[in-house]
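Visitor:
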Amino acid sequence: MSTSEHPETSPSAAAQSLVERLRSYGSVAVAFSGGVDSAVVAKAAAVALGDRAVAVTAVSPSLAASELEIARREAILIGIRHVELQTSEFTRSEYRRNAGDRCFFCKDTLYRLTQSRLHELAVEVIANGANTDDLGDHRPGMQAA
20 MSTSEHPETS PSAAAQSLVE RLRSYGSVAV AFSGGVDSAV VAKAAAVALG
70 DRAVAVTAVS PSLAASELEI ARREAILIGI RHVELQTSEF TRSEYRRNAG
120 DRCFFCKDTL YRLTQSRLHE LAVEVIANGA NTDDLGDHRP GMQAA
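At position 83 of the sequence shown (counting the first as 1) the number is 102 in this note's numbering, and the numbers step up by one without a gap.
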């Protein structure tokens, strides 16, 4: 929720609304890069759900070791269980083509793998850090969600 689009909503009210929405899901896996947007959702999930929340990071040759280390550190700071899933987007010719829609195939791979592991992760819902500020941007990965 963007406070610029909803000026009557304070940041604290938006945060509380996010926590309440996540709590209503019962359990959640957050697609987690360690960046600001996914970290905000992961923290809200940890507050709302405690050990029924998990941060999920896709690990593949396309993820720099330094970025994986950031995700690991952020998960510890947030206080959320962190699971690393080995993804295989490089097996997809559409991803290797490296066209403008490659993020769709990367995210699609992550979401499909996470979906197949919901029972193992003991969660029911997959969340991500997408927000209203992202809506006007070219983000093919959002279509995969």
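Where is the CB? At the ideal position from N, CA and C, for every residue including glycine. No experiment lies behind these values; they were computed from the predicted model shown.
Who are the Cβ neighbours of R100 in its own chain at under 8 Å, not counting the five residues just before and after it?
Guide: Cβ within range, chain order: D70, A72, V73, A74, A94.
Visitor: What does E39 pair with, by DSSP beta-bridge criteria?
Guide: In the DSSP output, where bridge partners are listed per residue, E39 has none listed.
Visitor: Starting from the C-beta of E139, find all residues in its chain whose C-beta is less than 6 Å away, skip the five residues before and the five after it, and write them out in chain order.
Guide: There are no such residues.
Visitor: What residue range does the beta strand (DSSP E) around V102 cover?
Guide: Where V102 is concerned, the enclosing beta strand (DSSP E) stretches over 100 to 105.
Visitor: Ordered along the chain, which non-local residues of its own chain (more than five positions away) have a Cβ less than 7 Å from that of E108?
Guide: Correct list, in chain order: S79, S81, Y114, F124, C125, T128.
Visitor: Could you pull out every residue in the same chain whose Cβ sits closer than 7 Å to the Cβ of H157, ignoring the five residues on either side in sequence?
Guide: Confidence in H157 is poor, its pLDDT being 44 and thus under 50, which makes the residue's placement unreliable; the coordinate value appears in the next sentence. Result list for H157: empty, nothing under 7 Å.
Visitor: Using the rule of at least 16 other Cβ atoms within 10 Å of the residue's Cβ for burial, across every protein chain shown, is N117 buried or exposed?
Guide: Exposed: under 16 other Cβ atoms inside 10 Å.
Visitor: Take T106 as the anchor and find which of R92, I89, R136 has the nearest alpha-carbon.
Guide: The option with the nearest alpha carbon to T106 is R136.
Visitor: Mapping the DSSP letters down to three states, classify T76 as helix, strand or coil.
Guide: Strand, per DSSP.
Visitor: Need the endpoints of the alpha helix (DSSP H) that V144 sits in, please.
Guide: Taken as a continuous stretch (DSSP letters only), V144 belongs to no alpha helix (DSSP H), being part of the beta strand (DSSP E) at 144 to 146.
Visitor: Rank A64, R91, A90, V144 by C-alpha distance to the C-alpha of Q35 and give the top, closest one.
Guide: Of A64, R91, A90, V144, the residue nearest in Cα terms is A64.
Visitor: For L68, I'd like the list of residues in its chain whose CB is within less than 7 Å of its CB, leaving aside the five on either flank, ordered along the chain.
Guide: These residues qualify, in order along the chain: L41, R42, S46, V47.
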